Every structure is written in structure tokens, then in C-alpha cells.
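Just so you know, we're using my numbering here: the sequence shown kicks off at 26 and counts up by one. By construction, the Cβ of each residue, glycine as well, lies at the ideal position given by its N, Cα and C atoms. Small disclaimer: the values here were computed from a predicted structure and weren't measured. See structure below.
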Amino acid sequence: MPHIFVGGDSFSPSAMTKNGNVVTGAPNVWTVVGGWTADTVGYPGSVVSGNGLQAQGGAAAAPLTANVVFSGAGMAGTFQARLLVGTTVVATSTAISGTSGTLVVNTTAPIAAGEVVTVELTHTVSSSLWYATITGGVVTFLRIG
């Protein structure tokens, strides 16, 4: 007897890279990192939705990876990044103290087709004259899968 299988999510990896440099937001609050470009060359079908990356299919444990490179802070501070799937925080980086560095967030999390993953950043630099700049290009990225 033939078998017919119905359902099951199809999942394809997605990625986005930072489009240009941007100054970090206000201190001591989590601020969404915006200004992304879909990496459709390395990850066909990738879509940026608002300030996040849209999942191409669902997965019970999708690998999520983000790098946020920052530099140029006029005074030392503590910096952290975190990932949200929809409105749920799923992972937070180790804190880095100083004026520059790379924040790395790696985790696995359940994700539904079409859900959006965003990157947020916080820091403790007190004066807007001394805020760090998030580096654009391929060194700052978010990947699903």
C-alpha cells in the first residue's frame, strides 16, 4: 500500500549582514540593531523584515549565530548582545568590557516559518560623544541555520 506524507516544515538557512556602520544606542537599555541587508548570495531566499531576519521554514532547534563587531568607544564600557525570536529572548552574549570587540551569540531555538529574529545591543558608555560604532559589512551578521 502506498504511503502519503502530509505536513512537516521545510527549512532553509538564512542570513543578513550589517549595512553600513551605526552608532550604538542609549546606554543601559536594549536597543534593536537596525540597517541590515539580506545575504541572498550565500543564503538564497533570505529576507530582511523590519530590523530582523525572517525564517525560511520552521525548525524545532534552529541554529542561530550572530557576530556584532564594535569599536571606537571614547571610554571603556561593558557591551552585550542578545537574540530574540519574535519577542522572546533566546540567548545573550558574554559581556565584553573595553572600547572595542566582537560580541558573539550562538544558540539553538525553536522557530516557526516566517518568524523574525532580531539582534539587540546594550552598553554602559555614559556619554553619547563616546558611544561605540557597530561595524557594517560581513563581519557583523546574523544567521539562521
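request  = For residue 85, count neighbouring Cβ atoms within 10 angstroms of its own Cβ and tell me buried if that reaches 16, exposed if not.
outcome  = exposed
request  = Indicate the three-state DSSP secondary structure (helix, strand or coil) for residue 155 in the structure shown.
outcome  = helix
request  = Could you please give me the residues that DSSP links to residue 113 through a beta bridge?
outcome  = 110
query = In the structure shown, what three-state DSSP assignment does residue 30 receive?
reply = Low local confidence applies: a pLDDT of 36 at residue 30 is under 50, so the model's placement there is unreliable, and no value is given.
ask   = Buried or exposed: which applies to residue 138, given that a residue is buried once 16 or more other Cβ atoms fall within 10 Å of its Cβ?
value = exposed
Rounded straight-line distance, which links the Cα of residue 128 to that of residue 114 = 16 Å
task = Specify, as a first and last residue, the run of the beta strand (DSSP E) that residue 44 falls within.
result = First-last for residue 44: undefined, no H or E at that position.
ask   = Do you know how far the Cα of residue 95 is from the Cα of residue 126?
value = 6 Å
ask   = Beta-carbon separation of residue 136 and residue 97 under 8 Å?
value = no
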